[in-house]
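Asker:
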Amino acid sequence: IGAGTITCNYDGENKHKTKIGDSVFIGSNSSLVAPLKVGKKSYVAAGSIITSDVPAGSLAFGRAKQKNKKNWKKK
Numbered sequence: 086i087g088a089g090t091i092t093c094n095y096d097g098e099n100k101h102k103t104k105i106g107d108s109v110f111i112g113s114n115s116s117l118v119a120p121l122k123v124g125k126k127s128y129v130a131a132g133s134i135i136t137s138d139v140p141a142g143s144l145a146f147g148r149a150k151q152k153n154k155k156n157w158k159k160k
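Just so we're aligned: 95 in the numbering used here is position 10 of the sequence shown, and the numbers increase by one with no gaps anywhere.
Structural data, given as structure tokens:
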């Protein structure tokens, strides 16, 4: 489990579980939003936000495309 990875298990009302299987690789700075299961021998790419189960032996990644707003000004 890489540095900066967090399990987001509280939605403001209830606590949920994140289950991580054996021999899993989770890249740095990933967020695992419970409830979810990360199946054995699977991979989570660095910087991903994972919101649903990751099947065993698969690669999961989830990142939003960066957008830049020109001429942005603080109000």
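Note that CB positions come from ideal geometry on N, CA and C, so glycine has one too.
Note that the coordinates shown come from a computational prediction; the quantities given were computed from them, not determined experimentally.
What span of residues does the beta strand (DSSP E) with threonine 103 cover, start to end?
Answerer: 103 to 105
Asker: Here's a check: name, in chain order, each residue in its chain whose Cβ is nearer than 8 Å to the Cβ of isoleucine 135, leaving out the five neighbours to either side.
Answerer: Ser115, Ser116, Leu117, Val118, Leu121, Val123, Val129, Ala145, Gly147
Asker: Can you have a look at serine 127 and say buried or exposed, based on whether 16 or more other CB atoms are within 10 angstroms of its CB?
Answerer: buried
Asker: Leaving out the 5 sequence neighbours to the left and right, which residues in its chain are closer than 7 Å to lysine 102 when beta-carbon positions are compared?
Answerer: Asn94, Ala119, Pro120
Asker: Report the partner residues of valine 139 according to the DSSP bridge assignment.
Answerer: Val123
Asker: Taking 6 Å as the limit between beta carbons, can you name the residues of its chain near lysine 100, skipping five residues before and five after?
Answerer: Asn94
Asker: Taking all protein chains shown into account, decide if serine 133 is buried (16 or more other Cβ within 10 angstroms of its Cβ) or exposed.
Answerer: buried
Asker: Tell me whether the beta-carbon of alanine 141 lies closer than 8 Å to the beta-carbon of glycine 106.
Answerer: yes
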